[in-house]
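Structure first, then comments.
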Amino acid sequence: MIIVGLTGGIGSGKTTVAKQFNALGIPVYIADDEAKKLMIRSKIIKRKLIQLFGEQAYINGALNRPFLAKKIFNNASNLEKMNAIVHPKVASHFKRWVNKQKAPYVLKESAILFENNSYINCDYIITVTAPKELRIERLLKRDETSLEKIQAIMNNQWNDDRKTEKSDFVIVNTNLEDTIRQVQLTHNKIVNFIQ
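Residue 926 in the working numbering sits at position 118 of the sequence shown, and the numbers go up by one each step.
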């Protein structure tokens, strides 16, 4: 199975792009969503996160996201330790998911595809970009967040130049109509490559 990685900085519009690929019949694995589910379902992850951050990591069996966010976003060491617990489980879950798919290729959407080195398991990489100001504007509308929190997340991610350098395709997501056109063109190229 051909694996296409889909990445981009926070607020770039990866989800919008993923939905367009999905509309073309391409199965999409949203790594961040699956990681959150595994952090609740997996007893091993739960035990290790409690060992790392203490009992406050979970409240009544539910992941204490605000607590964890405070622990990791301004602490690269804690972020690295948490990723070392969660990412291997996500990787094995993804492999099982891939084996069940019947499309010409699958999409693995991950904001930190490069940062966690999972790009090495992809046949092609698509990076979604948008101007920083637009990304911040989108995030302030979408999330109950602050400029400071957005900046902290952006600081933990590679910049667009670094990502696009290592990518096979770049989709500039500033206008939905144009984004849909770019997705269709990219899809056609990938299908042509694998035939």
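C-beta: ideal position from N, C-alpha, C; glycine also.
Three-state secondary structure (DSSP) at Lys1016? A query on residue 1016 cannot be resolved here, the shown segment of the chain reaching from 809 to 1003 and no further.
Bridge partners - Ile838, DSSP secondary structure assignment: Looking at the DSSP assignment, Ile838 forms a beta bridge with Glu917.
Note the first and the last residue of the continuous alpha helix (DSSP H) segment covering Phe875. In this chain, the alpha helix (DSSP H) harbouring Phe875 covers Arg873 to Ile880.
Identify the residues that DSSP records as bridge partners of Val936: which are they? BP columns for Val936 point to Gly816 and Ile979.
Residues in the same chain with beta-carbon distance under 7 Å from Thr994, minus the five sequence neighbours each way, listed in chain order, please. Excluding positions up to five away in sequence, the list reads Ile934, Phe977 and Ile979.
The alpha helix (DSSP H) that contains Glu956, what's its start and end? Run containing Glu956: Leu955 to Asn963, per the alpha helix (DSSP H) assignment.
Taking Phe1001 as the reference, give the member of Asn925, Leu846, Pro912 and Gln959 with the closest Cα. Put simply, of Asn925, Leu846, Pro912 and Gln959 the residue whose alpha carbon is nearest the alpha carbon of Phe1001 is Pro912.
Using the Cα positions of Ile944 and Ile958, report the straight-line distance between them to the nearest angstrom. Ile958 has its alpha-carbon roughly 7 Å from the corresponding atom of Ile944.
Quick check on Ile867: buried or exposed, where buried means 16 or more other Cβ atoms within 10 Å of its Cβ? Burial state of Ile867 is exposed, judged by a 10 Å Cβ sphere holding fewer than 16 other Cβ atoms.
Would you mind reading off the limits of the alpha helix (DSSP H) that contains Gln992? Residues Leu984 to Ile1002.
Could you please give me the residues that DSSP links to Ile867 through a beta bridge? Looking at the DSSP output, Ile867 shares a beta bridge with Ala870.
Between the region 820-827 and the region 854-862, are three or more C-beta pairs nearer than 8 Å? In short, these stretches do not touch, since the Cβ pair count stays below three.
Going by DSSP, what residues sit across from Ile810 in a beta bridge? DSSP, once it has assigned bridges, lists Tyr913 as partnering Ile810.
Buried/exposed call for Gln864, threshold 16 Cβ in 10 Å: Exposed: under 16 other Cβ atoms inside 10 Å.
Can you name the start and end residues of the alpha helix (DSSP H) that Lys856 belongs to? Lys856 -> alpha helix (DSSP H) spans Lys851 to Phe861.
Report yes if the C-beta distance between Lys910 and Tyr837 is below 8 Å; otherwise report no. In this structure, Lys910 lies away from Tyr837, with their beta-carbon atoms at least 8 Å apart.
Near Leu948, what residues of its chain come up, given a Cβ to Cβ distance below 8 Å and the 5 sequence neighbours on each side ignored? Closer than 8 Å at the Cβ level, and outside the excluded window around Leu948, lie Leu955 and Ile958.
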